[in-house]
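Number of protein chains: 2
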Amino acid sequence: MYLKKIPDEHDCGISVALKIVGGKWKAWIINCISKGMIRPSQLHRELTVTSPRVINIHLRELEKYGIIDKIVHPGLPLKVEYFLTETGKSVLPIIDIMERWGDNHRQPVNEPDN
Amino acid sequence: MYLKKIPDEHDCGISVALKIVGGKWKAWIINCISKGMIRPSQLHRELTVTSPRVINIHLRELEKYGIIDKIVHPGLPLKVEYFLTETGKSVLPIIDIMERWGDNHRQPVNEPDN
DNA sequence: CCGTATCCAAGGTGATACTG
DNA sequence: CAGTATCACCTTGGATACGG
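For the record, the sequence lines run as chains A and B. Counting in the numbering used here, the first sequence runs from 1065 upward without gaps. Counting in the numbering used here, the second sequence runs from 1065 upward without gaps.
Structure, rendered in structure tokens:
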């Protein structure tokens, strides 16, 4: 997302927001967690097109930014559960409006894909 | 933005929306045009941190997706004016909500930038 | 003034194999 | 089950110079 070197005068809120929803699967992951798919294995099953590594990178970043947090249950097999923080929940309206807009404008945007 | 090879079952509205606001300067450009900075030279002056080439790439893409359109005035020196289409205007609320969210959550997101 | 071509650096993503 | 390391690839962004 090439957003790290933006000088201060252009580091607007959009840059900040894009750090959260800008990744290829970040918004998708946030949506899944908000819907109760809180275990990594569930995410992997839903997102078979991607490797666990990429999902984990996104999870680490969302964690770092305070969007999600996790509970590690002791014992074997391992059990980890992610959940949205309050900050994370505040992102849902953004994802929602983006999703609705995209669904309503799929034609003009997706068709010229040459 | 690596959004081109997303399989259909995951090609949700978010992917579509990110094609519009996902680029490093796309949302910024849309904002500028909506505020009346409609000539390329104005955009270049506002965005001196970037080369004209990058701005033009974004403009071409926004044009391709029907977000902006342009009027080419004949004569020399050349004069071009961009404007938002109706579709483009419908993007403004998304940019607005992202910008506000980002401004309100700058701390937790920006600080862990290690 | 406007736009593009070329070359290049860097970041994001993907496949696999591996450890605890 | 959960997570990481290494590899290679593709996309994006950036600097410069040039043509309409």
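Ideal placement from N, C-alpha and C gives every residue a C-beta, glycine not left out.
Exercise. Does the beta carbon of A:Val1022 sit closer than 8 Å to a beta carbon anywhere in chain B?
Worked result: Residue 1022 of chain A is absent from the structure shown; chain A starts at 1065 and stops at 1178.
For this session: Quick one: grab the DSSP three-state call for B:Pro1176.
Result: In this prediction, B:Pro1176 has a pLDDT of 49, which is less than 50 and means its spatial position is unreliable; what the coordinates show is noted afterwards. In this structure, B:Pro1176 counts as coil in the three-state DSSP scheme.
For this session: Compare the C-beta of A:Cys1096 with all C-beta atoms of chain B and state if any pair is closer than 8 Å.
Result: no
Exercise. Would a check of beta-carbon distances place A:Ser1105 closer than 8 Å to chain B?
Worked result: no
Exercise. Does the beta-carbon distance from B:Arg1103 to B:Val1155 come in below 8 Å?
Worked result: no
Exercise. Secondary structure at A:Leu1123, three-state DSSP: helix, strand or coil?
Worked result: helix
Problem set entry | Partner residues on chain B for A:His1169, Cβ-Cβ distance less than 7 Å | Val1080 and Thr1151
Exercise. Is any beta-carbon of chain A found at less than 8 Å from that of B:Met1101?
Worked result: no
Exercise. Is the CB of A:Arg1124 under 8 Å away from at least one CB in chain B?
Worked result: no
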